[in-house]
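Beneath this line is the structure, given in C-alpha cells, with notes to follow.
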Amino acid sequence: VFIGKDILHVAVFRKNDERTTYNMIYADGKGGKSFAKRFNVTGVTRDKEYDLTKGDEKSKVHYLSVNPNAEAEVVKIVLSPACAAHRKEFDFYFEELAIKGRNSMGNQVTKYPIKSVRLKEAGRSTIAGKKLWYDDQFGRLNTDEKGMYLGMFDEEDKILVFYNDGNYEITDQELAQKLDAEKVILIGKFDPEKIVTAVYADMEKKQFMVKRFKIETTTLKNKFFFIKEGEGNYVETVTTDDEPVLAVQQGRGSQVRKGKLKIAKMTEVTGWKTVGTKLLDYSKSTEMEWEKKKGDGKQAELFGPL
161 VFIGKDILHV
171 AVFRKNDERT
181 TYNMIYADGK
191 GGKSFAKRFN
201 VTGVTRDKEY
211 DLTKGDEKSK
221 VHYLSVNPNA
231 EAEVVKIVLS
241 PACAAHRKEF
251 DFYFEELAIK
261 GRNSMGNQVT
271 KYPIKSVRLK
281 EAGRSTIAGK
291 KLWYDDQFGR
301 LNTDEKGMYL
311 GMFDEEDKIL
321 VFYNDGNYEI
331 TDQELAQKLD
341 AEKVILIGKF
351 DPEKIVTAVY
361 ADMEKKQFMV
371 KRFKIETTTL
381 KNKFFFIKEG
391 EGNYVETVTT
401 DDEPVLAVQQ
411 GRGSQVRKGK
421 LKIAKMTEVT
431 GWKTVGTKLL
441 DYSKSTEMEW
451 EKKKGDGKQA
461 ELFGPL
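According to this note's numbering, the sequence shown is numbered sequentially starting from 161.
This is the structure:
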C-alpha cells in the first residue's frame with residue numbers, strides 16, 4: 161500500500177481516541193515563526209488531508225511525537241547560529257501546553273529559525289488514569305466497556321494474568337495484544353504485595369494442592385509455570401484476596417459433602433516455585449468457589465469436615 165513520501169508517523173486509527181496525544185513543533189512558512197501544539201485526532205474522513213500548520217505550503221515540521229497516554233516530554237531547541245537571538249539553545253516543556261484540537265495554531269516557541277529539536281527528557285502522562293475492560297470472548301483489553309471491568313489504570317500499572325495450564329504472566333496495557341481467552345482463569349491489576357492463593361490438581365497423586373505465594377518476577381510478557389509439572393495437571397482456581405475462603409462441595413446425591421475453608425489459616429506463604437500442600441483428594445465431582453466478602457467484612461467459619 162502506497163501512503164506517501166516523507167512519512168513521520170503511521171498507525172491504525174482509533175475513532176474517538178482522546179488519550180493518544182500528538183506533540184508537535186512546526187515553522188510557519190509565511191512568517192518564519194515556530195509554534196508548538198498538542199492535539200488529539202478523534203475523527204477523520206477517509207482520503208481527506210488535514211493541515212496541521214497555519215496552512216502555508218512552505219511550513220515545516222521540526223518535531224512530532226505520539227503519546228498513547230498524553231505524555232509531555234522536554235525537548236532541547238537549537239536555533240540557527242546566524243540568528244540574532246542572544247540564547248541559541250533552550251529547553252521547551254510540552255506540559256505547559258493545553259491539549260487542543262488539531263486545527264489549533266499552537267503557541268509561539270520562537271521567532272527565530274530553528275536548527276534542530278531533540279528529545280531531552282521523556283515525559284509522564286498529563287491526564288488521569290484510564291479505565292480498562294477485558295473481553296473474555298476475544299481475549300482483548302479495551303476501553304470500550306466490553307467485558308469485565310478491570311479498574312482504573314495509571315501509566316505505570318501492569319496487568320497480572322493467570323492461566324489454567326499453570327502459567328502466570330505480567331503484561332502491559334497495550335490494547336493490541338491478544339490473550340488466550342480459553343485459558344485465562346484470572347486477570348487484574350498487578351500488585352506485587354498481594355498474596356496469590358492457587359488450587360491445582362496433581363493428577364499423578366490424585367490430589368488437589370494449595371499454595372500461597374507472592375509474584376517475584378518482573379519480566380513482562382513472559383509466562384512462568386507455578387504448579388507442579390505433570391501430565392494433566394491444571395489450575396482449578398486462583399485468587400488474590402487477602403483472606404480467601406474456599407467453598408467446596410464433593411460427592412453427589414446423598415453423598416454430598418460441603419465445607420468452607422479459611423486457606424490463609426491452613427497454608428503458609430512460600431515461594432512461587434514450591435509444590436504446595438495437599439488440600440483434598442481429587443474427585444471429578446469436586447466444585448470450588450471463592451466466597452465473596454460480606455458487607456460487614458466478616459469471613460465464614462470453617463465447618464463440616466471434608
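All C-beta atoms in this analysis are idealised placements derived from N, C-alpha and C, irrespective of residue type, glycine included.
Excluding the 5 residues preceding and the 5 following residue i in the sequence, name in chain order all residues of the same chain whose CB lies nearer than 6 angstroms to its CB.
i, result
"K291", "M312"
"K458", "The predicted model places K458 with a pLDDT of 39, which falls under 50 and marks its position as unreliable; any figure quoted below should be read in that light. Answer for K458: no residue qualifies."
"G455", "For G455, the predicted model reports a pLDDT of 49, less than 50, meaning its position is unreliable and no value from the coordinates is stated."
"K248", "L239"
"K343", "Y323, N324, D325"
"E461", "Because the pLDDT of E461 is 36, which lies under 50, any placement of that residue in the model is unreliable, and the question is left without a value."
Leaving out five residues before and five after residue i in sequence, what residues of the same chain have Cβ atoms less than 8 angstroms from its Cβ?
i, result
"L380", "K318, I330, T331, D332"
"G390", "D362, M363, E364"
"V429", "I355, R372, F373, K374"
"T434", "K371, F373"
Return the Cβ separation of residue i and residue j in integer angstroms, given the expectation that the two are a contact with Cβ distance under 8 angstroms.
i, j, result
"F252", "A232", "The Cβ separation is near 10 angstroms, so there is no contact."
"Q367", "Y442", "6 angstroms"
"L224", "L301", "Contact flag wrong, Cβ pair sits at about 27 angstroms."
"W293", "G307", "5 angstroms"
"T270", "S219", "Actually they are not in contact, since the Cβ atoms of T270 and S219 sit about 15 angstroms apart, beyond 8 angstroms."
"L320", "G348", "6 angstroms"
"W432", "T399", "At roughly 15 angstroms, the Cβ-Cβ gap does not stay under 8 angstroms, so W432 and T399 are not in contact."
"G189", "D216", "3 angstroms"
"K374", "P352", "7 angstroms"
"Q297", "A341", "7 angstroms"
Are the CB atoms of residue j and residue i within a distance shorter than 8 angstroms?
i, j, result
"G392", "Y360", "no"
"R372", "I355", "yes"
"L339", "G299", "yes"
"M369", "G436", "yes"
"M448", "T378", "no"
"F384", "A358", "no"
"F350", "V395", "no"
"P273", "G191", "no"
"T202", "D177", "yes"
Beta carbon of residue i: closer than 7 angstroms to some heavy atom of the ligand COA?
i, result
"E256", "The ligand COA is not part of this structure, which contains no ligands at all."
Apart from the five residues on each side of it in sequence, which residues of its chain come closer than 7 angstroms, Cβ to Cβ, to residue i?
i, result
"A230", "R179, T181, I259, S285, T286, I287"
"E281", "E233, V234"
"L466", "Its pLDDT being 43, under 50, L466 is placed unreliably by the model, and the measurement read from it follows with that caveat. So the list reads V408, Q410, R417, G419, L440, once near-sequence residues are dropped."
"D295", "N302, K306, G307"
"R412", "S445"
"V221", "L168, M184, Y186"
"V161", "At V161 the pLDDT is 47, less than 50, meaning the model places this residue with poor confidence; the figure from the coordinates comes in the next sentence. Same-chain partners within the cutoff: there are none."
"V314", "The sequence shown places Asp at residue 314, not Val. Same-chain partners within the cutoff: G289."
"L279", "E233, V235"
"G266", "F195, A196, K197"
"S276", "V238"
"K438", "Q367, M369"
"P228", "R179, T180"
"F250", "I237"
Could you tell me which residues DSSP puts in a beta bridge with residue i?
i, result
"G348", "L320"
"D295", "R300"
"I355", "K374"
"F368", "A361, L440"
"N176", "Its beta-bridge partners do not exist; DSSP assigns none."
"V429", "R372"
"V435", "According to DSSP, which records beta bridges pairwise, V435 is partnered with nothing at all."
"T400", "T400 pairs with nothing; no bridge assigned."
"I185", "A196, Y223"
"V395", "Y360"
"E329", "V321"
"V408", "G419, M448"
"V238", "E249, S276"
"K290", "F313"
"E281", "V234"
"T270", "S194"
"M308", "Y294"
"I387", "The partner list for I387 (beta bridge, DSSP) is empty, contrary to what the question assumes."
"I167", "None; I167 has no bridge partner."
"K260", "F199"
"K338", "R300"
"L380", "I330"
Answer yes or no: does any C-beta atom of chain D fall closer than 8 angstroms to that of residue i?
i, result
"Y294", "Here chain D cannot be found, since the structure has a single protein chain."
Examine the Cβ distances between the stretch 256 to 266 and the stretch 193 to 200 and report whether three or more of them are shorter than 8 angstroms. In this structure the stretch 256 to 266 lies against the stretch 193 to 200, because at least three pairs of beta carbons, one per stretch, are closer than 8 angstroms.
Taking three-plus beta-carbon pairs below 8 angstroms as touching, is the stretch 399 to 409 in contact with the stretch 421 to 431? These segments touch.
Within 8 angstroms, do at least three Cβ pairs link the stretch 225 to 242 to the stretch 178 to 186? Yes, the stretch 178 to 186 is in contact with the stretch 225 to 242.
Please confirm if the stretch 162 to 180 is in contact with the stretch 239 to 252, defined as three or more CB-CB distances below 8 angstroms between the two stretches. No contact exists between the stretch 162 to 180 and the stretch 239 to 252.
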